[in-house]
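Sequential numbering from 24 applies to the sequence shown in the numbering used here.
To start, the structure under review is shown below, and the notes come after it.
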Amino acid sequence: MNYSDFYTKSIERPEVFWNEQAHGIDWFKHPSVILSHNQFGYPQWFEDGELNACYLAIDKHIQDGHGDAVAIIYDSPVTQTVKKYTYREVKTEVAKLAGGLQSLGLNKGDTAIVYMPMIPQALFSMLACARLGVTHSVVFGGFAPNELAIRIDDCQPKVILTASSGIEVNRLIAYKPLVDEAIEIATHKPDRVIVFNRKLGAKIPAQHYDIDYGSLVYDAPEAECVPVLSTHPLYVLYTSGTTGKPKGIVRDTGGYVTALKFSMKYVYGMKPDEVFWAASDVGWVVGHSYITYGPLINRNTTVVYEGKPVRTPDASSFWRVIEEHKVRTMFVAPTAIRAIKQDDPEGLFIKQYDLSHFRALFVAGERCDIATINWVQQHIPIPAIDHFWQTETGWPMAAVMVGVEQLPMVPGSVGRPVCGYNIQILNEEGTEVKAGQEGYVATRLPLPPGTLMDLWNDHDRFVDGYLSQYEGYYFTGDGGYKDEHGNVFITGRVDDVINVAGHRLSTADMEENIASHEAVAECAVVGIYDELKGQVPLALVVKKKNADIENFQLEHELVQLIRERIGAVTSFKKVIPVDRLPKTRSGKILRKMIRNIYDGSDYQIPSTIEDASVVDELVAVFNDFK
């Protein structure tokens, strides 16, 4: 198949193109309206169609005679467990959990939060919600109680499904106390907390709202799949925003499952019954799209991995999983590959495993440096493909579509636009720039199916954040350029959200917490380059004049503050005291300039700067700090 012709058809005849793809999905009622627009001109797909995502992920395959095929492989080096679940076994677990949720009063249109580690029960919980038409919101397991409380108040769940603990390297993290604290902080109070007891020794403080997961499932009847409209919210997934308040990305059902099945076939080149592994977490969009829904809908075995790329037990972990489970295609964040490279620079572990069946490695989550791609291809003779997408889009925007045509991967590029994404590079005025010229990455409407429908309870912010920058476009918030062949290059975020090992984190949120310290007058947080994690936060702090605290003590207290209020996931460790911050005359802190000075990148001193001499001061301070 020719990429150029296939892609062009998706842009020039989107309704015809996506109607053809929708015929690959089993609908309860096939849509008659393929593309429509709501009141502000934003596209909606298949609005009158009816279906159920859980049915497509499980029941359909059983009805087609594949009930004994392996749906999920749970591989947990931290508990020394490997367990396989057939589609029939998954259906029993999911349908009974759904029946239990029904007995607690959950029905179509209600919401639930899933706060779990990487265990099969996390997927069962998501699918059980989808089976009933209950909108789920997965919160990354181990997120700080305050962050969980914010999400509880925003999506107002009837229940929270959690587990007794998660496991990091050599330590147990009890989840139930975190959930209890979050409920205490939150204004909204869920009716029930369903606790899956892993029996690993974590304390499970008893509360009046607790329900034991095992007992609930054991006693429940199996629930049938509830038909929902294509536009019914399958889930809400929170991503950090520049205001510090998380944005609840709303995903539809019909467009999403259509896009995921399309992407599994044409982007990742997967055939039914093959093993696909996204080494991610269900708390991220990757876990929704390519651990849970995408592989199962395409009848691919999905790997649920509870471990790390290193230290569980060592840098051989990934290669062991690929060999043992015959993984065909893997999806991973560059951070993980950099960690493996750091521990095993010569790739000696790789040589110990038979990877002959391994077909492709896709990386995404943050920009992947060329050295990491080259390291993979030096040691494993397969395509290592950087590609680009966002929580908002739900599936790739740019990639090498290996299921269509194996085009060459250009170093530093994220590939060419994926079908349905009319990606353009615009200047400030909204005019498309020439090849090679950097600008703002935007996509002309309509977006393809599967992308965000709205923000949960925040429609104005949705329009302001994504649609108002350029009329008729979705604005990605990224800068970048295209070469003369149409390959896309992403240069980074243009807002103040940083990407730490795949976690998008708000610098505004960190600044707000740092500024709450009694010794801090003002501060700025920027994301600086880190070889392992992509970016890590750096805080510049101006102390109050009467502050009686040593710099090392202030740094210690601020690091602890961020760990407690946001979480260790921030990797926040660096604090530099300064006399003043570089600002414009209007008072805007010049964060991009700060970051570029620290990273040693080219920077420009804007004409609007309040006092240019502050730049020399900053350079001197950074030189001393390093």
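Every residue, glycine too, gets a C-beta built ideally from N, C-alpha and C.
Exercise for the section: Return the chain-ordered ranges of every alpha helix (DSSP H) run that is complete within the region 408–488 and spans a minimum of 4 residues. Expected result: As far as the region 408–488 is concerned, its whole alpha helix (DSSP H) runs of at least 4 residues are 482–485.
Practice task
Could you please give the first and the last residue of the uninterrupted alpha helix (DSSP H) stretch that includes Arg215?
Solution key: Residue mapping note: residue 215 aligns to position 192 of the sequence shown, counting from 1. Careful: Arg215 lies outside any alpha helix (DSSP H), inside the beta strand (DSSP E) at Arg215 to Phe219.
Handout entry: Whole-Å CB distance - Ala421 paired with Val386, under 8 angstroms assumed
Key = Taking the sequence shown and counting its residues from 1, the one referred to as residue 421 is at position 398. Taking the sequence shown and counting its residues from 1, the one referred to as residue 386 is at position 363. Between Ala421 and Val386 the beta-carbon gap is near 13 angstroms, outside 8 angstroms, which marks them as no contact.
Handout entry: Straight-line Cα distance separating Asp487 from His255
Key = Mapped onto the sequence shown, residue 255 falls at position 232. Mapped onto the sequence shown, residue 487 falls at position 464. Cα to Cα, the separation comes out at about 23 angstroms.
Handout entry: Same chain only: Cβ atoms within 6 angstroms of Pro406, ignoring 5 sequence neighbours per side
Key = The residue you call residue 406 lines up with position 383 of the sequence shown. Hits under 6 angstroms: Ala383.
Exercise for the section: Could you tell me the distance, in whole angstroms, from the CA atom of Ile537 to the CA atom of Thr262? Expected result: In the sequence shown, residue 537 corresponds to position 514, counting from 1. In the sequence shown, residue 262 corresponds to position 239, counting from 1. The alpha-carbon atoms of Ile537 and Thr262 are separated by roughly 21 angstroms.
Practice task
Leaving out five residues on either side along the sequence, give the residues of the same chain with a beta carbon under 6 angstroms from the beta carbon of His159.
Solution key: Position 136 of the sequence shown, counting from 1, holds the residue named residue 159. Cβ within range, chain order: Ala135, Val137, Met149, Cys152 and Tyr258.
Exercise for the section: Note down, in chain order, each residue of its chain lying with its Cβ closer than 6 angstroms to the Cβ of Phe354, except the 5 sequence neighbours on either side. Expected result: In the sequence shown, the residue the question calls residue 354 occupies position 331. The beta carbon of Phe354 lies closer than 6 angstroms to those of Ala301, Tyr313 and Phe385 in the same chain, with the five residues before and after it left out.
Practice task
Name the two residues that bound the continuous alpha helix (DSSP H) containing Glu116.
Solution key: Locating residue 116 in the sequence shown gives position 93, where the first residue counts as 1. Start and end: Tyr110 to Ser126.
Handout entry: Whole-Å CB distance - Ile632 paired with Leu613, under 8 angstroms assumed
Key = Here the question's residue 632 lines up with position 609 in the sequence shown. Here the question's residue 613 lines up with position 590 in the sequence shown. Yes, they are in contact, since the Cβ atoms of Ile632 and Leu613 sit about 7 angstroms apart, within 8 angstroms.
Practice task
Could you tell me whether the Cβ atoms of Val423 and Ile448 are closer together than 8 angstroms?
Solution key: As a working mapping, residue 423 is identified with position 400 in the sequence shown. As a working mapping, residue 448 is identified with position 425 in the sequence shown. It is not a contact, given that the beta carbons lie outside the stated cut-off.
Exercise for the section: Could you please give me the residues that DSSP links to Trp300 through a beta bridge? Expected result: Position 277 of the sequence shown, counted from the first residue, corresponds to residue 300. DSSP output for Trp300 lists Met353 as bridge partner(s).
Handout entry: Cβ shell of Leu528 (< 8 angstroms), same chain only, five flanking positions each side left out
Key = Numbered from its first residue, the sequence shown carries residue 528 at position 505. Ser263, Val520, Ile521, Asn522, Pro560, Ile589, Val592 and Thr593.
Exercise for the section: Classify Thr315 as buried or exposed, calling it buried when 16 or more other Cβ atoms lie within 10 Å of its own Cβ. Expected result: Start at 1 with the first residue of the sequence shown, and residue 315 comes out as number 292. It is buried - the Cβ of Thr315 has at least 16 other Cβ atoms within 10 Å.
Practice task
Could you tell me the distance, in whole angstroms, from the CA atom of Lys270 to the CA atom of Asn169?
Solution key: Here residue 270 refers to the residue found at position 247 of the sequence shown. Here residue 169 refers to the residue found at position 146 of the sequence shown. Taking the Cα positions, Lys270 is about 15 angstroms away from Asn169.
Problem - Inter-residue spacing [alpha-carbon to alpha-carbon] between Lys114 and Tyr97 - result: In the sequence shown, counting from the first residue as 1, residue 114 sits at position 91. In the sequence shown, counting from the first residue as 1, residue 97 sits at position 74. Cα-Cα distance, rounded: 16 angstroms.
Handout entry: Identified DSSP bridge partners for Val642
Key = One-based indexing of the sequence shown puts residue 642 at position 619. Per DSSP, none; premise fails for Val642.
Practice task
Specify the secondary structure class of Thr276 as computed by DSSP and reduced to three states.
Solution key: The residue given as residue 276 occupies position 253 in the sequence shown. Of the three classes helix, strand and coil, the one that applies to Thr276 here is coil, per DSSP.
Problem - Continuous beta strand (DSSP E) stretch holding Asn169: start and end - result: On the sequence shown, residue 169 is found 146 positions in, with the first residue counted as 1. Unbroken run through Asn169 is the alpha helix (DSSP H), Pro168 to Cys178; no beta strand (DSSP E).
Problem - N-terminal and C-terminal residue of the beta strand (DSSP E) that Gly550 is part of - result: Residue 550 sits at position 527 when you count from the first residue of the sequence shown. Val543 to Asp553 is the span of the beta strand (DSSP E), which, as asked, contains Gly550.
Practice task
Return helix, strand or coil for Arg343, following the three-state DSSP convention.
Solution key: Taking the first residue of the sequence shown as 1, we reach residue 343 at position 320. Three-state DSSP puts Arg343 in a helix.
Problem - Contact set for Pro419: own chain, Cβ-Cβ below 8 angstroms, skip 5 residues either direction - result: The residue you call residue 419 lines up with position 396 of the sequence shown. Closer than 8 angstroms at the Cβ level, and outside the excluded window around Pro419, lie Ser286, Val290, Ala387, His410, Phe411, Trp412 and Val441.
Practice task
Using the Cα positions of Phe595 and Arg343, report the straight-line distance between them to the nearest angstrom.
Solution key: Counting from one through the sequence shown, the residue named residue 595 turns up at place 572. Counting from one through the sequence shown, the residue named residue 343 turns up at place 320. So the alpha carbons of these two residues sit roughly 32 angstroms apart.
Handout entry: Nearest-angstrom Cα separation, counted from Ser59 out to Pro66
Key = For this step, residue 66 is matched to residue 43 along the sequence shown. For this step, residue 59 is matched to residue 36 along the sequence shown. Taking the straight line joining both Cα atoms gives about 6 angstroms.
Problem - Sheet register partners of Glu191 (DSSP bridge) - result: In the sequence shown, counting from the first residue as 1, residue 191 sits at position 168. Partner(s): Arg194.
Practice task
Would you mind stating whether Leu171 and Gln125 have Cβ atoms separated by less than 8 angstroms?
Solution key: As a working mapping, residue 171 is identified with position 148 in the sequence shown. As a working mapping, residue 125 is identified with position 102 in the sequence shown. Their beta carbons are not under 8 angstroms apart, which means Leu171 does not touch Gln125 by this criterion.
Handout entry: Buried versus exposed call for Phe299 [16 or more other C-beta atoms within 10 Å across all chains shown]
Key = As a first step, residue 299 must be located in the sequence shown, where it is residue number 276. Buried, by the Cβ-count rule.
Problem - Closest Cα partner of Val601 within the set Val549, His311, Glu545 and Gln583 - result: Counted from its first residue, the sequence shown places residue 601 at position 578. The residue from Val549, His311, Glu545 and Gln583 with its alpha-carbon nearest to that of Val601 is Glu545.
Exercise for the section: Answer yes or no: do Ile403 and Phe372 have a C-beta to C-beta separation smaller than 8 angstroms? Expected result: Working through the sequence shown from its first residue, we reach residue 403 at position 380. Working through the sequence shown from its first residue, we reach residue 372 at position 349. Contact flag unset, no.
Practice task
Using alpha carbons as the reference points, say which of Arg174, Gly165, Ile175 and Ile208 lies closest to Ser187.
Solution key: The sequence position of residue 187 within the sequence shown is 164, counting from 1. The shortest C-alpha separation from Ser187 is found at Gly165.
Exercise for the section: Using alpha carbons as the reference points, say which of Tyr198, Lys567 and Ile48 lies closest to Ser253. Expected result: In the sequence shown, counting from the first residue as 1, residue 253 sits at position 230. With respect to the C-alpha of Ser253, the residue from Tyr198, Lys567 and Ile48 having the closest C-alpha is Ile48.
Problem - Simplified DSSP assignment, three categories, for Glu73 - result: Position 50 of the sequence shown, counted from the start, is the residue given in the question as residue 73. Note: Glu73 maps to strand in three-state DSSP.
Handout entry: Rounded separation between Lys106 and Ile217 - CA only
Key = By 1-based counting over the sequence shown, the position of residue 106 is 83. By 1-based counting over the sequence shown, the position of residue 217 is 194. Their backbone Cα atoms lie some 23 angstroms apart in a straight line.
Problem - Option in Lys294, Val56 and Ile617 with minimal Cα separation from Thr350 - result: Within the sequence shown, residue 350 is the residue found at index 327, counting from 1. In the sequence as displayed, the identity of residue 350 is Val instead of Thr. For Val350, the closest alpha carbon among the candidates Lys294, Val56 and Ile617 is that of Lys294.
Handout entry: Three-state secondary structure (DSSP) of Arg154
Key = Taking the sequence shown and counting its residues from 1, one reaches residue 154 at position 131. DSSP places Arg154 in helix when its eight states are reduced to three.
Exercise for the section: Could you tell me how far apart the beta carbons of Thr466 and Asn450 are, in whole angstroms, since I believe they sit closer than 8 angstroms? Expected result: In the sequence shown, residue 466 corresponds to position 443, counting from 1. In the sequence shown, residue 450 corresponds to position 427, counting from 1. That pair is no contact at about 16 angstroms.
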